[in-house]
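I have placed the structure first, in the form of structure tokens, so that the comments after it can refer back to it.
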Amino acid sequence: MSGLLRRLLVGVPATWLLLFFGLPFAFILKVALSQAVVAQPPFTPLFADGRFQGSLANFALLAEDDLYLDAILASLRLAATATVACLALGYPMAWAIAGTKRRWRAPLLALVALPFVTSFLIRVYAWIGLLRPTGFLSETLQSLGLIDGPLALMPSDVAVALGMTYTYLPFMVLPIYASLEKIDPVLAFAAADLGARPGRVFWSITLPLSLPGVLAGSLFVFVPSVGEFVVPELLGGPGTPMIGKVIWQEFFNNRDWPLASALAVVLLALLAWPIARAQRAETATARGLS
Amino acid sequence: MSLRLLILGLVFAFLYGPILWIVVFSFNEGRLVTLWSGFSTRWYGELLRNQRLMDAAGLSLVIAAISATLATILGSLSGFALARLGRFRGRLLFAGALGAVLTLPEVILGLAQLLAFVALDDLPGWPGRGAATIVAAHATLGMAYVALVVQARLSDFDRSLEEAALDLGATPATVFLTVTLPLILPALGGGWLIAFMLSLDDVVLASFVSGPGATTLPMVVFSSARLGLNPQINALATLMVGIGALAVLSAVWLLGRRQELSR
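Read top to bottom, the protein sequences are chains A and B.
Mapped onto this note's numbering, the consecutive letters of the first sequence carry residue numbers 1 to 290.
Mapped onto this note's numbering, the consecutive letters of the second sequence carry residue numbers 1 to 263.
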């Protein structure tokens with residue numbers, strides 16, 4: 001390929017990424033080091049009167065106030081809960097699909113992914129209708145006489161974990177399916193010939209060989225769940241201060257852009273390893289499914 | 001086999017139950033979205049007369065179409081570079097940035113982009129915050145998905161087809177147009193569709209980078225959902241589910257037909 005063409009091929013998208021992805025992160029670091037002021041834009045400049053004005057005061061504030069630590073811990077806890085729930089539903093699902101006849105597998109996988117073409121927002125909205133104290137589940141159970149008063153399933157942490165499980169379940173099923181599908185069936189036949197029972201075959205062959213898919217799926221669910229905003233905002237109460245929600249509130253409600261930026265930097269540092277690990281899994285999954 | 005069927009049944013019930021609830025109650029007569037009071041299509045009528053919602057829907061469709069097209073161009077260039085150029089300077093950084101766009105929490109991405117747009121506001125000729133900045137944000141998100149799909153498609157593609165065409169005397173440009181492009185066209189179409197749906201669905205990036213006057217459909221739906229249930233939203237959701245399912249089914253049908261023809 002000619003030199004000019006090569007340069008264009010990389011240069012055009014790289015310039016775009018630099019402008020709309022690289023540059024923004026330089027600004028988030030810059031604003032995190034400045035202070036909030038009532039002005040336009042609402043933060044102090046980093047250089048004024050010929051010297052550096054930045055400080056780590058925002059980070060000190062984050063360390064002092066328990067609100068922020070609690071939000072981080074709550075986010076990690078709820079994201080972990082959603083990941084485990086997705087695993088509990090997604091692994092059996094991937095296993096069930098991988099075990100059907102070959103011509104059924106693609107349509108079944110498409111059915112798993114199909115909810116993605118309906119808006120994410122709409123799917124979370126559906127859970128409000130189901131879980132509210134005056135919602136479908138509560139009203140139905142009452143009219144059946146199974147419960148006496150209205151059932152308040154939301155706002156609650158359980159509703160948030162359920163909402164994230166529902167939203168991200170396909171992210172778990174697809175990579176696990178991709179790794180199950182790659183396992184050579186000869187291995188299971190050989191084990192059975194040697195006298196292993198089906199349970200034994202599963203535990204000592206299928207499960208260990210599907211662990212890369214389990215790791216990939218868990219990262220795909222965990223990473224977006226930690227920073228989730230829409231689900232805790234719609235299904236959680238004021239008692240569910242997930243970090244994505246706190247960043248949003250600091251930015252939109254308190255107009256404290258520097259503090260919101262500092263929180264984003266902390267969240268970024270927290271997710272750096274899982275994000276880097278998830279990237280390797282992404283390429284592998286995209287290849288496995290295509 | 002019956003265990004597998006049971007699992008399939010339960011998980012599909014979990015995945016589709018809430019969507020079924022939306023569809024059924026969009027045809028409910030009463031204002032309450034929880035008790036059935038009779039069949040009616042009145043909420044669809046009210047939806048179509050809701051000017052704020054219709055304006056937002058129109059704006060969202062325009063933003064989604066433009067940003068998906070930009071994302072497809074930028075993403076396929078990126079996918080080509082990653083799959084075909086081998087090692088080039090900054091490759092690791094380039095691939096890393098694309099992957100990070102996919103996995104980063106939207107709240108971080110939205111905040112970062114807004115801060116950059118605020119800084120760029122002073123540049124002469126910069127369009128200012130609104131529909132244009134939403135397009136830029138959505139195109140950035142979409143291009144990462146397109147790059148992933150195109151790269152995956154190119155890496156499991158038989159290069160001997162291109163080599164054969166070159167041996168037979170075709171110019172590189174002819175090879176690209178008559179061999180490479182038709183083979184990756186499904187990936188481009190699929191990538192465009194993903195980018196389009198992402199844009200049509202995003203509330204977080206749009207809320208951060210938008211300015212006064214540019215309100216997208218998800219922003220309206222989100223503020224309405226915050227206030228509680230609304231049968232108009234059920235009607236809107238049902239229309240979106242219907243259109244989305246139709247688009248996917250026709251795409252599957254088209255791709256299936258292509259495969260049969262090429263056999």
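Cβ atoms here follow ideal geometry from the backbone N, Cα and C, with glycine treated the same way.
Asked: Phe222(B) in three-state terms, based on DSSP; Found: helix
Asked: Bridge-paired residues (DSSP) for Asn28(B); Found: Phe39(B)
Asked: Within chain B, partners of Val12(A) - CB distance below 8 Å; Found: Leu74, Leu77
Asked: Three-state secondary structure (DSSP) of Phe136(A); Found: helix
Asked: Nearest residue (CA-CA) to Val231(A), options Tyr168(A), Leu89(A), Val265(A), Ala278(A); Found: Tyr168(A)
Asked: Closer than 8 Å to chain B by CB, Ser261(A); Found: yes
Asked: Test item: CB-CB of Ser210(B) and Gly142(B) under 8 Å; Found: no
Asked: Buried or exposed by the 16-neighbour rule on C-beta atoms within 10 Å, applied to Asp184(A); Found: exposed
Asked: Length-filtered (3 minimum) beta strand (DSSP E) runs lying within the stretch 174 to 201 of chain A; Found: none
Asked: As assigned by DSSP and simplified to three states, the class of Phe52(A); Found: strand
Asked: Per-residue burial, Glu233(A) [other beta carbons within 10 Å of its own, 16 or more giving buried]; Found: buried
Asked: Inter-residue spacing [alpha-carbon to alpha-carbon] between Asp299(A) and Gln279(A); Found: Limits of chain A in this structure are 1 at one end and 290 at the other, which puts residue 299(A) out of reach.
Asked: Test: Phe189(A) CB closer than 8 Å to a CB of chain B; Found: no
Asked: Rounded C-alpha distance that separates Leu15(B) from Thr118(A); Found: 12 Å
Asked: Close beta carbons around Pro172(B), own chain, < 8 Å, minus the five adjacent residues each side; Found: Leu166
Asked: Contact with chain A by Arg263(B), beta-carbon distance below 8 Å; Found: Residue placement at Arg263(B) is poorly supported in this model, since its pLDDT is 47, which falls under 50; the coordinates still yield a value, given next. Arg263(B) does not count as touching chain A.
Asked: Assigned exposure category for Gly125(B) - 16 Cβ within 10 Å defines buried; Found: exposed
Asked: Per DSSP, cross-strand counterpart(s) of Phe59(A); Found: Per DSSP, none; premise fails for Phe59(A).
Asked: CB contact below 8 Å: Arg103(A) versus chain B; Found: no
Asked: Any chain A beta carbon closer than 8 Å to Phe39(B); Found: no
Asked: C-beta neighbour in chain B for Phe20(A), strict 8 Å; Found: yes
Asked: Within the stretch 2 to 26 of chain B, ranges of the alpha helix (DSSP H) (whole runs, at least 4 residues); Found: 2 to 26
Asked: Member of Arg132(A), Lys245(A), Val226(A), Pro274(A) whose CA lies at the smallest distance from the CA of Arg77(A); Found: Val226(A)
Asked: Residues sharing a beta bridge with Ala36(A), DSSP; Found: Phe43(A)
Asked: 7 Å CB neighbourhood of Leu74(B) in its chain, flanking five on each side removed; Found: Ala139, Met143
Asked: CB-CB length for Val112(A) against Phe88(B), believed under 8 Å; Found: With a Cβ gap of about 37 Å, Val112(A) and Phe88(B) do not count as contacting.
Asked: Pick from Pro238(A), Ala269(A), Gly244(A) that is closest to Ala260(A), judged by C-alpha positions; Found: Gly244(A)
Asked: Same chain, Cβ closer than 8 Å to Asp70(A), five either side skipped, listed in chain order; Found: Pro241
Asked: Pro92(A) to Ala237(B) span [Cα, whole Å]; Found: 30 Å
Asked: Members of the stretch 119 to 130 of chain A that neighbour chain B once the beta carbon cut-off is set at 9 Å; Found: Ser119, Phe120, Leu121, Ile122, Arg123, Val124, Tyr125, Ala126, Trp127, Ile128, Gly129, Leu130
Asked: Chain B within 8 Å of Glu181(A), Cβ atoms only; Found: no
Asked: Integer-rounded CB distance, given that Ser67(B) should sit under 8 Å from Ala247(B); Found: No, Ala247(B) and Ser67(B) are not in contact; Cβ-Cβ is about 17 Å, not under 8 Å.
Asked: Nearest candidate by alpha-carbon position, reference Gly213(A), set Val186(A), Lys182(A), Pro198(A); Found: Lys182(A)
Asked: Any 3 or more C-beta pairs closer than 8 Å across the stretch 205 to 223 of chain B and the stretch 148 to 164 of chain B; Found: no
Asked: Reduced DSSP category for Trp95(A) - H, G, I as helix; E, B as strand; rest coil; Found: helix
Asked: CB contact below 8 Å: Arg200(A) versus chain B; Found: no
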